[in-house]
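Beneath this line is the structure, given in C-alpha cells, with notes to follow.
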Amino acid sequence: MYRLQPFAPGALRKLTIAIALTLPAIGPFPVYAVETGQADSLNTTQNFNIPAQALPEALNAFIATSDWQVGFPASLAKNTRSNAVIGAFTPRQALDKLLQGTGLSYRLTGGNSVTLEIAPDSHVADSTTLSAVTVTGKRQYDPTDPYNKDYSAPNTTFATKTDTPIMETPLNVQVIPKAVLDDQQAIKVDQAIKYVSGVTTGQAAGGLTDQVTIRGFYNYNLFRNGFRIDASGPEGTRNMANVQSLEVLKGPAAMLYGRVEPGGMLNIVTKKPLDTAYYALQQQFGSFDLFRTSIDATGPITDNKDLLYRMNLAFEKSGSFRENVDYDKLFVAPVLQWNISPDTTALLELEYRKENNVYDLHARPLIIDGTRADGSWINPRLADIPRERNLMEDNRNHVEDKLIGLNLTHKFNEDWVLTEQLNIQLLDRDRLVMLPGTLQADQRTLNRRILTSDFFINDSYFTTTNLTGHFDTGFLQHTLLIGGDYYLQDMNSVGYSSTAASTIDIYNPVHTGNPPIDPTTRASQSFHTKTDFYGIYLQDQIKLPYNVHVMGGFRYQNVEQYDVLAGQIGQKADAVTPQVGVLWQPMHWLSLYGNYVENFGVTNGNLTSDRSFLPPETAEQWEVGFKTAFFDERLTSTVAYYQLTKQNVATTDLTNPNFSVAAGEAQSRGVEVDIKGEILPGWNTIATYAYTETEVLKENNPNNIRVGGGFRGIPKHTSTLWTTYDFQQDYLRGFKVGAGLELVSDKKATFDNHDFSFAGYGVVDLLAAYTRKVAKTNVTLQLNVTNLLDKEYTHDGFAMPFQTRATWGTPRSFMGSVKVEF
53 MYRLQPFAPG
63 ALRKLTIAIA
73 LTLPAIGPFP
83 VYAVETGQAD
93 SLNTTQNFNI
103 PAQALPEALN
113 AFIATSDWQV
123 GFPASLAKNT
133 RSNAVIGAFT
143 PRQALDKLLQ
153 GTGLSYRLTG
163 GNSVTLEIAP
173 DSHVADSTTL
183 SAVTVTGKRQ
193 YDPTDPYNKD
203 YSAPNTTFAT
213 KTDTPIMETP
223 LNVQVIPKAV
233 LDDQQAIKVD
243 QAIKYVSGVT
253 TGQAAGGLTD
263 QVTIRGFYNY
273 NLFRNGFRID
283 ASGPEGTRNM
293 ANVQSLEVLK
303 GPAAMLYGRV
313 EPGGMLNIVT
323 KKPLDTAYYA
333 LQQQFGSFDL
343 FRTSIDATGP
353 ITDNKDLLYR
363 MNLAFEKSGS
373 FRENVDYDKL
383 FVAPVLQWNI
393 SPDTTALLEL
403 EYRKENNVYD
413 LHARPLIIDG
423 TRADGSWINP
433 RLADIPRERN
443 LMEDNRNHVE
453 DKLIGLNLTH
463 KFNEDWVLTE
473 QLNIQLLDRD
483 RLVMLPGTLQ
493 ADQRTLNRRI
503 LTSDFFINDS
513 YFTTTNLTGH
523 FDTGFLQHTL
533 LIGGDYYLQD
543 MNSVGYSSTA
553 ASTIDIYNPV
563 HTGNPPIDPT
573 TRASQSFHTK
583 TDFYGIYLQD
593 QIKLPYNVHV
603 MGGFRYQNVE
613 QYDVLAGQIG
623 QKADAVTPQV
633 GVLWQPMHWL
643 SLYGNYVENF
653 GVTNGNLTSD
663 RSFLPPETAE
673 QWEVGFKTAF
683 FDERLTSTVA
693 YYQLTKQNVA
703 TTDLTNPNFS
713 VAAGEAQSRG
723 VEVDIKGEIL
733 PGWNTIATYA
743 YTETEVLKEN
753 NPNNIRVGGG
763 FRGIPKHTST
773 LWTTYDFQQD
783 YLRGFKVGAG
793 LELVSDKKAT
803 FDNHDFSFAG
813 YGVVDLLAAY
823 TRKVAKTNVT
833 LQLNVTNLLD
843 KEYTHDGFAM
853 PFQTRATWGT
863 PRSFMGSVKV
873 EF
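Given below as C-alpha cells:
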C-alpha cells in the first residue's frame, strides 16, 4: 500500500485504484492504493504553492491542497522532476502544469481521481486520455526557478523599490530573465543587454569595463541588487555566473537612487538560495581558445530549511581575435540565508573576482588629407589595417575585487516591512599600458607613450534602510516607501605618464614590448578623493478607482567630495529631486502612462576660473507611453516617447580656456518599442526598435560647430530580433532552435560636427540546443553562433587627429556548452 496523504480512519471515504500499467520489455507494475477525502468540484479554483522538485514530493503537495486522488507506480515518478505550480488554478489546471514537459500524462478514473502514465505519442488517439487543458488561473511568475523558460517578467522591485507589477508602474522598466541569458550563453553583460530598446554598449577601456549607453547618455556605473557599483577605468567586466536577471530602468532615477546619469540605469539581480536542492555544472568552449567552467549549487543546510546556501563558481580563460590579447578570470560567490523566523530573514553574500587581462584600446589611426578653412576635414578615413592588428603592446591589467553584503528583512505584519542592506566593495588594480597617440606626417608611423598605475584602489561602502507599508485612506489604496541611504567612495591611485617616445609602423608593426619608464621624464598621475553621498526619500503609490495609479515622491541628496592630497573639500552640493507618474489601466491587458522626472547628476570635476568646482549636472524628462500584456502576461510590450534634457554640462571658459563653466546643455528624444514573451507554446521572441535623436543645445561658445549636432557614438536607429522555438512534438521534444538579428544605423564618430561617421551594420546569430533527461539529471547540449555572416564592422569608438579608437565587432565565433542539472 502506497499512501500519498495521511487520513483519519473512518472519517474519510476509502478508494482503491488498481493500476496494471505495462511498459514494453519491463512488465506489469504492482498495484498501489491511494486514500483520500471527498472529491472537490472539478471547476473549483484553489491556491497552489508547489515549487519545482522531485515529482513524488510535488504530487504529495498537490494532493494535500486539492484533495484529489493520484495513483502511479513508484518507479514511474522517482527520477522525474516537476514544474512549479504557484497561483490560483483548478486541480486539473494545476496537475497539467505540474506534469508539463515530464513525459507523463494522466487519465481520469473517477470524478477526482487520476492515474499517471507515460504520455502517448501525439498521433495516438486514446479516449481515456485527458485533452489539453488551457490554464486560465492567475499567473505567478517564479524568477528563482532554475528551469523557468519565461521571456517576460510581470514584476520588478527595481523601478519603485516595492514589488509592483510592471503593468501598474508608470515608468519604463525592462527585464531580461535568466531564460534569455541561458539561450544567449551570455558571459558578458553586453551580449544580452542589446535586447532592450534604446540601450547600446561601448568598449570603454578597451572593453575591460561594462559601459552602457541608455537614451543617448553614457553610463559607467551599474547597480547590483539596487546597490551602486562605480566603474573607473579598466576594472574588468561583470561576471555572469551568479546573475539571475538584468533590469533596465529608463530615464532619470535620482529620486530613489541618487547620483546617476539621466539616460537610465542597469541593475544586476543575483541568484539567491533555494529551499529545494539544485545543482548545475556547465562547461563552455568556443572560438579563440575560450574555456569556461561554472558551478551552481543551492539547497537547505538544515532539515527544517531555516538555513539555506548557494554557491556559484566560474573560471574562464580565453584568447582573442586580436593580436597579443588574452585573459583569465576567477569568480567565487557564496551566499548564506538564515530564516530566523517566518517574519525575519538575514542574507549574507560574498563575491571574489580576480582577473588578469590585456588592455587593448583597438587603436586605429584616422587619416585625413587636410583641413578646410572652416576647420572641417578633407577625406577623413580610418587606416586600412586588418581587424586583428594590435598597435599596442602586451598591456597587462590585474584586477582583484571583493564584495561583502548583508541584507535583513523583517515583516511587522502583512502590511509593513522593514529592510536594512549593507554593501562593501573593495577593488584593487594595477596596470602598465602603451597608449596610442598621433600619426606622424608619413601617415604610417604612430607615436605612443607609457602610462602606469602602480596601484589603484576603489573602495565603496553603501547602506540603505527602507520601510514599506500598505494602508487605505477612504477609497485610496497606498503603498508608502520611506527610506534613506549613505554611500562612501574612496578612490586612491598612484601612477605615472611617461613622455618617453615609442613608435610603431601601423602597416608593418614590430612589437618590442613595453620599454622601462625613465624616472626623469615621468609626470605624476596620482590622486586620492573621498566622496560622501547622503539621501532621504519618500514615495507614495496610490491606487484610485477605475484602475488609475498615481506615483509621486521626492529625494533630498547631499554630496561632498574631499581631496585627500590637497587636504580640502573639493566640492559640496545638494538638491531636491521630484518624480511624478500617472498610469491608467482601462483593460487588464492595456496600460497608458506618463511621467515627469528630475535628476541629480554626476559631480563635475572641472574647475572654474576662481578655482571652485562646477555644480553637479541636472536633467529633466517627460515621457508618455503604453504597455500591453497578453496570454496571462506571457507576452508583453512597451511603447514610449520621451524627451530628456541635461543641463550644467561643462564647457570651456572663453575668458580663460584652462577652466570651465557649466553652460552646456544637451537633449535626447525618441521612440522606443519593446516586445518580449511567448507567442505560442514553445515560441519565445524579443523584438525591439529605438529611434534616438540627440542634439547639443548649448555651448559656452555659440559659434562652436558642436551646437546643433548630435552626440558621438549614438545611432539614430537600432533594432533587434531574437526568437527561439522549443519543439512540442513528442518525437522532437528537447530540441530548441533560435536566431537573432541586430541592426544598427551609422554613428557619428567625432566629438564635434566633422563629417565622419562609422558605418551601420547588421549581425546574424544562431542557436541550437538539445535537452535530454538521463537518470535524475537534465543534460543540455548547446551551440551558439555569433556574427554568422562574419560581418566586418566598427562596434564603437571615436575619431580625433591625435587619437582614434575604432573597436572592431567580433568576427564569426562559436560557443558550445554541455550543462548538467539535477
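So that you can map any letter, position 685 of the sequence shown is 737 in my numbering, and since no number is skipped, the others follow by simple counting. Ideal placement from N, C-alpha and C gives every residue a C-beta, glycine not left out.
Under the three-state DSSP convention, the category residue i falls into
i	result
Pro-108	helix
Met-307	helix
Glu-220	helix
Tyr-270	strand
Ala-116	helix
Ile-239	coil
Pro-630	strand
Pro-143	helix
Val-312	coil
Lys-213	coil
Asn-319	strand
Lys-201	coil
Residue i versus residue j: straight-line alpha-carbon distance, rounded
i	j	result
Pro-668	Tyr-608	14 Å
Tyr-199	Lys-595	34 Å
Met-307	Thr-862	38 Å
Leu-107	Arg-133	5 Å
Thr-214	Thr-520	7 Å
Leu-491	Thr-856	10 Å
Leu-402	Gln-105	27 Å
Val-837	Leu-819	6 Å
Leu-460	Ser-771	41 Å
Gln-335	Arg-481	29 Å
Gly-604	Val-122	51 Å
Leu-835	Pro-229	20 Å
Leu-434	Ala-366	38 Å
Thr-516	Asp-197	28 Å
Ile-347	Thr-504	36 Å
Asp-395	Leu-359	14 Å
Asn-319	Asp-557	43 Å
Residue i burial status per 10 Å Cβ neighbour count (16 or more: buried)
i	result
Tyr-559	exposed
Lys-788	buried
Tyr-193	buried
Met-867	buried
Leu-75	Note on Leu-75: pLDDT 35, under 50, position unreliable in the model; no value is reported.
Asn-736	buried
Glu-87	Reliability fails at Glu-87, whose pLDDT of 37 lies under 50, so the model's placement of it is uncertain and the value that follows must be treated cautiously. That one is buried.
Ala-858	buried
Gly-587	buried
Leu-418	buried
Closest residue to residue i among the options (Cα-Cα distance)
i	options	result
Gly-729	Tyr-648, Gly-526, Glu-685, Glu-472	Glu-685
Gln-613	Asp-584, Val-602, Val-628	Asp-584
Val-384	Arg-311, Gly-268, Met-292, Phe-343	Met-292
Glu-672	Gly-761, Arg-267, Leu-111	Arg-267
Gln-623	Pro-630, Gly-604, Ala-739, Leu-666	Leu-666
Ala-171	Asn-164, Gly-153, Glu-717, Asn-224	Gly-153
Ile-509	Thr-581, Leu-642, Ser-720	Thr-581
Tyr-379	Pro-386, Ser-370, Asp-557	Ser-370
Leu-455	Val-796, Ile-556, Val-469, Tyr-404	Tyr-404
Thr-328	Ser-809, Tyr-361, Val-831	Tyr-361
Thr-776	Lys-201, Ala-211, Thr-744	Lys-201
Ile-766	Ile-534, Asp-798, Phe-682, Gln-781	Asp-798
His-806	Ile-502, Phe-579, His-640, Phe-763	Phe-763
Arg-721	Glu-751, Phe-850, Phe-337, Trp-674	Trp-674
Gln-880	Thr-322, Asn-273, Phe-279	Only positions 53 to 874 of the chain appear in this structure, which leaves residue 880 out of reach.
CB contact below 8 Å: residue i versus chain C
i	result
His-522	The question asks about chain C, but that chain is absent: this structure has only one protein chain.
The ligand NAD heavy atom lying under 7 Å from the CB of residue i
i	result
Thr-350	This structure lacks the ligand NAD; in fact it carries no ligand of any kind.
| What runs of the beta strand (DSSP E), each 3 residues or longer, lie entirely inside the region 340-408? | 342-352, 359-370, 379-393
| query | What are the start and end residues of each continuous beta strand (DSSP E) run of 3 or more residues lying completely inside the region 693-781, in chain order? | reply | 712-732, 735-750, 769-778
| task | May I have a chain-ordered list of the beta strand (DSSP E) segments no shorter than 3 residues that lie completely inside the region 509-568? | result | 528-550, 554-557
| Those runs of the beta strand (DSSP E) which lie wholly inside the region 145-169 and span at least 3 residues | 156-160
| query | Which whole runs of the beta strand (DSSP E) in the region 437-514 are 3 residues long or more, in chain order? | reply | 448-463, 468-491
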